[in-house]
Amino acid sequence: MASFKKTQIRSLPKIGQKVTADTLYWRKLNFPVTVKEFGPIDYIDVMPIEPYFIAVSSAAKVQIYNPITHQVHRHFTRFKEAAYGASIRSDGKLVIAGCDEGHVKLFDIGSKSLLRIFKGHKGPVHRCKFTTDNVHVVSFSDDKSVALWDLPSETEIIKFSEHSDYVRAGCVSSISSDLFLSGSFDHTVKLYDARSPTGSTISVDHGSPVESVLMYPSNSIFVSVGGTELRVWDMLAGGRLLARVSQHHKTITCLHLASDGKRLVTGGLDRHAKIYDVQSYQVVHTLDFPSPVLSLGITPDDFTVVAGMANGLISMQHRQTQAEARALNPKQSLKVQKKSQTAYRFRLNADFRSVNRTFNPATDVEVATKTDTNFVSRYDMFLRKFQYSKALDTVLTPYIRKKKPAITVGVMHELIRRNGLKSALAGRDDSSLSSILTFLARNINDPSHANIIIQVANTLLEIYESSSLTPQSEKLFLQLQEHVNREVEYVKHLMEIEGMLHILLASTTTQARRSSTYVVQGSSVKPMLPSAAAAANATMIFNVG
Amino acid sequence: MVKMANKKTRGPDKTQANTSDIVVKKLDDATDIVRQPPVFTNDSKYICIASGRQIGIYSVESADKVHSLEEHTFDVIGLAIKDDNILLSCDASGETIEWNINNGTTLKKAPLVVAGIKEFHSFHYPGNGKVLVATPSTYTTNMSSLWIVDSHTRPRKLFADIKSTPHSIAFGCNQGNGSLVVVALQDHSVVVKDITNGVDKKHMTDQRKFTCVALHSEKLIMATGDISGRILIWHDFVHKSRPVKTVYHWHTLPVNSVCFSSEGEYLYSGGSEKVMVKWRLGMSRKQFLPRMGSSIKYIVNAPDNICVATSHSDNAIRFIDSTNKINRAIIGLVKHDPIRGFADTEPIKESVMPTGLVFDPRSHGIFFNAQAGFLQLFDPQKNSLIFNMDVANRNVLTDERNLVIGNAEVLRVAVSPTGEWLATLEVWSNMSAGYHDMNLKFWRYDAVQANYELNTDVTMPHQDRVTALCFQPGLLGTEMPCLVSIGRDLKFKIWRLVDDTDIYRQKESWSCDVAGDFRKLTPSALSFSEDGSLMAIAFQDTVTLWDPTSINLNTTLSHTLVQEPIELMEFGRDNCFRYLVCASKSALYAWDVISQGLVWKVGQLHSSVRCLVPDPKSCYMAAVLQNSEVFVFSPSSSKPVHSVPKMNSSEPIAALFVPRPNPLASGPEWLINSRLLIVDDQQEFLCVDDVSSAGFNQKLTTPISHMDSLPWTPFSAMKAEKQISAAKQLVPVVHQTSGIQGYKSVQSLLETSASALPPMSRICSLFMSDLMIKHGPKAVTAKVNSVDRTSTDLPLSNGHIDSKTQDFSEETTLQKLLTLDCQWLVETVK
């Protein structure tokens, strides 16, 4: 009851792209550092442990980049033809890569030496992966087969040849060393279990050539991309389709998880990378690249986003560090710093009125964190003291009146309510009058504030109509008049157009009504609506088609 | 099918039978508590407040009611503390009653005998058995004469033609020798009488009228306030004919009350600025307590100076402590100040109680206007205020001296059928500036925090005044709620709740779905059929029926017999669902919406229908006329079931059927499940009810503890306030009320979709640690000790208890183990 209520500032919601937590998060990526390679970037893999080295396979070599310095840390060139799908082991010591001649080659990152060559595929190997136990390797080859290799003995354990076209996508489970997925150009995605050598356990039809597959960390769901579609499958339910999302308008080529598994990123030939929420599969942000994206890599801490493109460009983007942010915007960071400091205040709780009490530090001293005393803005301070002219002056400073006109209008509104507008506007000198007039002229066209601004303009005219004005203010008054006249013209035009539209709409509705009655007579049966259960089932499917 | 039946020719035998046991009662408990200044007891622990015929004794410490004293048959006009524990009260008929404050019993009743006068205006008690009473003046109206009544001498007239308000009489200035000075105000002068020394004086100032006066208890100092807001301090005004005056002028509006602190150091003053000013006498320093909510009527100082009580026009008494802060308040039902600046053509309801009475199905309370910009919820069962809600959320502005400054007013309220949603329409308008604001606000009831949360705020929902707001009834939970508003801008608008949820937040907001009009006619009334399947909007004399879901015009109803504009319109309930009752200026008639024909019409009413209210629990409907006649009828026929003749001169402005919590055993059918509540233009509540229904009576019989009322003595300081015995007490078992352990983590695990879950190995340890009961090491040991003690204290008389104790000790050791375990785990997890 006793506290002063702040002046209500009405700001209407802006139309356009909404600023969400995600857009803010992904907008913090710095300008990319680009490296040009000779051929298209086939695959990017990120070392899962620090220092998050990035393995890039393109043309006939595999390069390991340092994500901080953007320099090549190691490169492996012992390929006769193109090298594909280099992937780093989870301990960061070994790297494996497939190549055109059908071999799978294992290198030591530390010594750069070639340790093993797995021979047995008859076609190029485009993807190869270490299993979770780190001693097996899975390779996905163009000879339509998927093979599991033993690392120490360099021998093939199982080979599945179920696909009828090139196998260009694959991934391994993060929990079990026996589970792996393959995606092929024959439109199918198959799940294999090394313990059952008879064949795949799950096979689903993606509907178009599969470019990439991914298994969620929980191992209950996997995702496949290919064509312009992303499909989500439930593994536990035997490959039930959970969702189909189509957000790219060209083929989607790569898939990656980000933000600790909470976001899914897809890159496509339409030069975009889309970031999805993994629960709703809604796009939360889009990253743009200069040419078709073939491969994506994101470090586990989201610090670096690497994209490999068809024209051989590698773009590496860093998240803005705090130091960088401070350098760019010193004021804001200072505020943040201030906020983080916590202050404590000690309060004595003892009731000194009672006589027979001894001081007990445990109960009588209360430690309280300093609460933010509610901030009272300057205009509220003046309004509280009924100093209306000063309150209006504070909101007519160039910053507020240009950047935050809603505040100026809010204070004007409050002055109208308090019947103090006249006294606040009266007796102004040339410069302050000109600032009011320019503000009015600038905002009188804004429909959200117009009624208040018109009221202020009328009061201003009433006050100054009889006083002699300097030529400068006179000019501004004329300018205001011109603004109003122009607005009146606009509204007239708009009303004319509205009238025309009304005629058109009226004629179409009468026609439609005539025809619609006929239709109603024809089909008296109501169309069947989906039942509640059916509706619930349907909610998981997004953007069909 | 048109039946004509005039109300005058109703069956007299039937109604006669009913009137014998149907009565119109006045709800008394809802009267204001600020008509008379409150009185502190001598120990400043209790405050006595007169409200109508009752006196309430409230604790100052907690602001709770301790006793309710109900013996007076007329309104109480004055209260005084006679002795330490005796309260003296006087009512308008001159009956004085002495009460024991501690237990609320009557000690003595005695009538005042003053020259055969039967009516009294105010009552004061200076002490020593002397009583000051003001009686109506013999010649001039609105003026009083002041009499002094003593037990052993005849009543003596002190002054004639003084103002009759309670603050225009003051006494005090004992000057250390027990003398008594009485002063009273006339319009432009102060009359002074020193009773012990027999001195008379009359002081006059300029043309400013006096409003209030106060006297210093010891010294010869008088303070007067006047209509210009000036306070004058008069020194030695008894002996000198031109006393020295000091001017204290801060108030711009008339000073309503002045009050000296009990030591006489400070002076408190207050007025319509809603600011209490604390002046230090002899100095220019002053302290302010601004924004007290509503204008101050009385200021009363506690005898021990610890606090000051202020009575406010919003029917609240607030306590201000010595640090100049409001710390408690006694709040009564608020009377809405009539809105100024309305055109005369508007009905009186629009300015006195624009919202009318709106039933809240959730709390079974009634919403209506409180002070400007506020809405209150009143419980008709208990006759108490549930809460007072700030709808406008603006600073309350006070008038300037020659300038009326309006505040935002709540004009319309609607509650959704489930009570989840509340829609309010507030308007602020300045006729001189030609500017007005209108906000339609949607509030959602939050059951956890037990208050309403603002959901959507729509600026200017209509271009002109909104005539009615109504939620669509009868919706099942599956559909989104829907509100319809009609306004004088010829439009009706349909507002729907829109789900605006995305992955970041859950959000629902209201937005305008459809805005429509009908032949450029003004919509005047709105009603939904009980099941919500049909919406009727009256446009002048035409009733239009719409389908609320598709907004298709089904039918229009009009007839040559009824060509006056419709003012009120309601669908029948229950088995009369098909009838739509309409009221115009002089006629009441009903349409059948199924056969689309006029069913009956009653023309040439005595006066126009003010309210038309359907009973939600039966098929009956009540029509309240402007001359306060009430007819209860069933919409299917024009014959009234019951009629109440003219009640009093006041004009009814709103009415409502309030459902009863338990139905009556016997009585007329329309009263079994609900009773009719009517508000008149004085905002008094009248209730049409059966005689047999018992009112809600709650006697407060808590006696005041003897210790509280005793004065402080050195011996009382020696006596311990709390006694601690050495005997060990049984420690009650404390249930865990903070919720199920780990509930949140389980919830979050279940809510997160399987796809987003990290691998089980990573979340397992965190999840398990959440499920464990976390104890501080201290708390646990204390608990264990207490359990140990209880087990040793238990009498080991039989084997059964013996075994129980064993269980106890076993349990404690287990508990110990468990907590130890926890500690270790939690640490490792961290």
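Chains as they are written, first to last, in the working numbering: chain U, 225 to 769; chain V, 109 to 938. Beta carbons are placed, not taken as given, at the ideal position from N, Cα and C, and that holds for glycine.
Pull up the distance between the alpha-carbon of U/G816 and that of U/V391, whole angstroms please.
Because chain U here runs from 225 to 769, residue 816 of chain U falls outside it and cannot be looked at.
Would you report the Cα separation of U/Q541 and U/S515, rounded to the nearest angstrom?
15 Å
If contact is defined by three or more beta carbon pairs under 8 Å, each pair taking one atom from either stretch, is the segment 722 to 735 of chain U in contact with the segment 679 to 687 of chain U?
Because the criterion of three Cβ pairs below 8 Å is not met, the segment 679 to 687 of chain U and the segment 722 to 735 of chain U do not touch.
Determine the contact status of V/L187 and V/Q144, defining contact as a CB-CB distance below 8 Å.
yes
Who are the near neighbours of U/F228 in its chain, counting only those whose CB is closer than 6 Å to its CB and skipping five residues on each side?
R608
Under 7 Å Cβ-Cβ, which residues of chain V neighbour U/Y440?
S863
Kindly indicate which three-state DSSP category V/S197 falls into: helix, strand or coil?
strand
Would you mind reading off the limits of the beta strand (DSSP E) that contains V/T652?
That run of the beta strand (DSSP E) goes T650 to D655.
If the cut is a Cβ gap below 9 Å, which residues of chain U does V/N501 touch?
K229 and Q232
Please report how far the alpha carbon of U/A321 lies from the alpha carbon of U/V259, in whole angstroms.
21 Å
Measure the alpha-carbon distance for V/W529 versus V/F475 and round it to whole angstroms.
Computed Cα separation, rounded: 13 Å.
Pull up the distance between the alpha-carbon of V/A253 and that of V/V299, whole angstroms please.
A small correction: the amino acid at residue 253 of chain V is Ser; Ala does not occupy that position in the sequence shown. When rounded, the distance between both Cα atoms is 12 Å.
Would you call V/V799 buried or exposed, if buried means 16 or more other Cβ atoms sit within 10 Å of its Cβ?
Around the beta carbon of V/V799, fewer than 16 other beta carbons lie within 10 angstroms, which makes this residue exposed.
Decide if the segment 366 to 384 of chain V is in contact with the segment 409 to 427 of chain V; the criterion is three or more beta carbon pairs, one per stretch, under 8 Å apart.
yes
Is it the case that the Cβ atoms of U/D417 and U/L403 are separated by a distance below 8 Å?
yes
Taking 8 Å as the threshold (beta carbon to beta carbon), is U/T244 in contact with chain V?
yes
What are the residues that DSSP puts in a beta bridge with V/G473?
V/D468
What would DSSP say about U/H472, mapped onto helix, strand or coil?
coil
Give every residue of the same chain whose Cβ lies closer than 8 Å to the Cβ of V/C727, excluding the five residues on either side of it in the sequence, and list them in chain order.
G680, R681, D682, N683, C684, S742, P743 and S744
Could you give the distance in angstroms between the alpha-carbon of U/R710 and the alpha-carbon of U/P629?
21 Å
Who are the neighbours of V/W536 on chain U, taking C-beta pairs under 7 Å?
R641
List the residues of chain U whose Cβ lies closer than 9 Å to the Cβ of V/L505, in chain order.
R641, R642 and N643
Buried or exposed: which applies to U/I522, given that a residue is buried once 16 or more other Cβ atoms fall within 10 Å of its Cβ?
U/I522 should be labelled buried.
Near V/P673, which residues of its chain fall below 7 Å by C-beta distance, leaving aside the five closest residues on each side in sequence?
S632, Q648, D649 and S692
In the DSSP assignment, find the beta strand (DSSP E) that holds V/E534 and state where it starts and stops.
Element bounds for V/E534: W529 to N538.
Does any C-beta atom of chain U lie closer than 8 Å to the C-beta of V/P867?
yes
Given 7 Å as the limit, tell me if U/L639 has its C-beta closer than that to any heavy atom belonging to the ligand HEM.
Inclusion of the ligand HEM in the displayed structure is not the case, the ligand content being empty and no account of it being possible.
Can you give me the Cβ contacts of U/S578 inside the same chain, cut-off strictly under 6 Å, excluding the 5 residues immediately before and after it?
Residue placement at U/S578 is poorly supported in this model, since its pLDDT is 44, which falls under 50; the coordinates are not used for a value here.
Check for me: the alpha helix (DSSP H) holding U/K627 runs from which residue to which?
P622 to K627
May I have the straight-line CA-CA distance separating V/N193 from V/N208, to the nearest angstrom?
6 Å
What residues in its chain sit with their C-beta under 6 Å from that of V/R470, if we drop five residues either side in the sequence?
G527
Measure the alpha-carbon distance for V/E326 versus V/G286 and round it to whole angstroms.
Taking the straight line joining both Cα atoms gives about 9 Å.
Establish whether the CB of V/I611 and some CB of chain U are separated by less than 8 Å.
yes
Kindly say whether U/I727, judged by its beta-carbon, lies nearer than 8 Å to any beta-carbon of chain V.
no
Is V/A555 helix, strand or coil when you go by DSSP?
V/A555: coil per DSSP, three-state reduction.
Compute the Euclidean distance between the alpha carbons of U/H299 and U/L338, then round it to the nearest angstrom.
12 Å
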